[in-house]
Structure formats: structure tokens, C-alpha cells
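In the UniProt record's numbering, the protein residues as written are 1 to 279.
Ideal Cβ positions, reconstructed from N, Cα and C, are used throughout, including at glycine.
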């Protein structure tokens with residue numbers, strides 16, 4: 001459980017990183033334990049007064065895309081996408097782009113291509129089947145504490161500490177990332193920096209002064225849930241854990257510019273059965 005007293009106070013520090021551009025997310029089906037844990041962590045690390053606002057659970061497929069680089073966005077140049085006044089033309093084009101991502105995903109899956117090892121080999125398990133009828137899932141395997149100072153990644157760090165869930169990089173997720181990357185412009189994390197796809201789900205972005213307490217919580221939570229998954233704690237596992245499979249609900253495009261409270265969803269496409277867009 002998360003302790004009652006706060007780990008950080010507004011007088012200590014705040015998280016004020018200015019995020020950039022647009023991001024493509026894969027969002028899970030609503031989970032009360034997941035969202036509650038995220039919100040509780042945010043409060044423990046100072047809450048809104050310290051720049052820690054609630055955000056939707058998600059796995060980032062692409063981060064910091066310059067959407068104006070896509071040819072399909074020409075007619076909306078110069079339009080400010082505000083929370084309650086999204087440009088209709090851009091939203092329509094964003095929907096088209098997300099549909100293309102899903103079509104590319106289905107093409108990659110049907111072909112049996114697997115790029116997780118840096119090649120374009122055909123996965124053995126796919127040679128005799130076409131798994132496009134399988135829903136996309138995210139398998140959280142462990143909790144992880146990640147310090148991310150401003151100096152990291154050639155000065156692109158967020159200046160915070162992050163508690164996250166590490167997600168298994170399945171062939172499905174790699175295919176969805178590859179398909180999305182083939183549709184949108186190069187993003188900061190993968191296209192421009194040349195980084196490999198490492199699926200994860202951030203639980204909180206906290207001020208660095210919260211690092212010690214957040215690391216203790218993350219390691220303790222991971223140890224307990226790993227034991228619970230092995231059946232070692234019996235009735236002590238009375239709260240639903242976050243590790244294990246989560247079904248994906250939708251693929252979405254978010255404007256992630258500015259501080260967390262400024263993030264907003266441009267559009268999303270729900271995933272129906274068989275990984276097909278339901279709209």
C-alpha cells in the first residue's frame with residue numbers, strides 16, 4: 001500500500017518538464033486498480049501542486065511526432081488544437097492515419113514478420129496460422145524504477161524519476177510499433193535517436209527529490225506481486241495487482257505538448273475483435 005504521508009512537498013520541488021509534439025498511444029481497457037495506483041502515486045509525490053496531474057494509462061508507440069511533417073495535415077497548418085476546439089480536418093486526417101497504422105499492423109502480422117531481433121524474419125509460429133483474430137494484449141512483467149535526469153539522452157531527459165510497468169515486447173506489439181512508425185514521421189525516441197522499442201507503461205513522473213521513496217515503493221511492490229504470482233503469499237494478496245495481461249482498448253493520437261495537465265486526446269480508434277478498428 002502507498003504510505004499516508006507525502007513523499008514530496010511543493011516547497012521541495014516540482015515536475016515542470018515541457019513535453020513536445022504528438023504521441024501515439026496504445027491504451028488498455030479501463031482498470032480501476034491501475035488508474036487508482038497511478039493517481040495515488042501522483043498524490044504521494046506532491047499532486048497537482050508539484051506538477052503531477054492525472055493522465056490516462058498507456059503504452060507509448062511513438063513519442064514527440066511533428067505532425068505537420070505529414071502531407072495529410074497541410075490544410076490545418078497554423079491551427080491551434082485546443083482541448084475543446086480540435087480542428088475537424090486534422091481530426092479526420094488523424095483518424096485516417098490511425099486506420100493506416102492498423103492496416104499496416106495486420107499486413108505485418110499476416111506476413112509473419114518479426115523484427116524484435118533486428119531483422120525481418122518470418123516467425124515460425126506464424127507460418128501455419130494467421131493470428132489477426134487474436135486481440136492485442138499488454139503483458140506487464142515487472143515494476144521498474146527509472147531515474148531520468150535532464151542530462152540524459154543528450155539533454156532530452158525529463159528531469160524526474162519514473163515508476164513504470166515493463167511490458168513484454170510481443171510480436172504483436174512490435175508489429176504495431178513497426179506499422180505505426182511506417183505511417184507517421186520519425187519520432188524522437190525511435191526514429192531520430194535510433195532507439196529500439198522497449199514497451200512500458202509509466203505510472204508516475206515524479207520530482208527527483210521523491211526518488212528514494214519512489215524506488216523503495218517500486219521495488220517493494222514488484223517483490224510482493226512477483227511472490228503473489230507464484231502463489232507464495234496466499235491470502236496476503238488481497239488487492240488486485242497490476243502485473244499480467246491487459247487487453248488493449250484503442251490506439252490514440254495525443255497532443256503531448258507542454259506540462260502533463262495540457263495533454264489531450266486528438267482522436268482514438270477502438271480495437272474490435274480480431275485487432276480490427278471498430279469504427
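- Counted as a single uninterrupted DSSP element, the beta strand (DSSP E) harbouring residue 254 occupies residues 244-255.
- The beta-carbon separation of residue 15 and residue 41, rounded to 12 Å, does not stay under the 8 Å limit for a contact.
- Looking at the backbone, the Cα of residue 212 and that of residue 161 are separated by about 9 Å.
- In the structure shown, residue 134 adopts coil according to DSSP, grouped into three states.
- In the structure shown, residue 52 falls within a coil segment according to DSSP collapsed to helix, strand and coil.
- Relative to the Cα of residue 266, the nearest Cα in the group 174, 252, 221 and 102 belongs to 252.
- Under the Cβ criterion (8 Å, minimum of three pairs), the stretch 174-191 counts as touching the stretch 95-110.
- Residue 178 and residue 105 have their C-alpha atoms roughly 8 Å apart.
- By the beta-carbon neighbour count (other beta carbons within 10 angstroms, threshold 16), residue 64 is buried.
- With a beta-carbon spacing of about 7 Å, residue 201 and residue 58 fall inside the 8 Å limit used to define contacts.
- C-alpha of residue 13 to C-alpha of residue 142: approximately 28 Å in a straight line.
- Just so you know, the alpha carbons of residue 107 and residue 173 end up roughly 14 Å apart.
- In the three-state DSSP reduction, residue 170 falls in the coil class, being neither helix nor strand.
- Sixteen is the threshold: since fewer than 16 other Cβ atoms of the shown chains lie within 10 Å of the Cβ of residue 150, the residue is exposed.
- Going by beta carbons, residue 28 and residue 249 fall inside the 8 Å limit.
- Assigned with DSSP and collapsed to three states, residue 7 falls in coil, not helix or strand.
- Spanning the alpha carbons of residue 90 and residue 187 requires a straight line of approximately 19 Å.
- Between residue 166 and residue 45 the beta-carbon gap is near 20 Å, outside 8 Å, which marks them as no contact.
- Closest in C-alpha terms to residue 140, from the list 19, 116, 260 and 225, comes 225.
- Contact annotation: residue 22 and residue 67 have beta-carbon atoms nearer than 8 Å.
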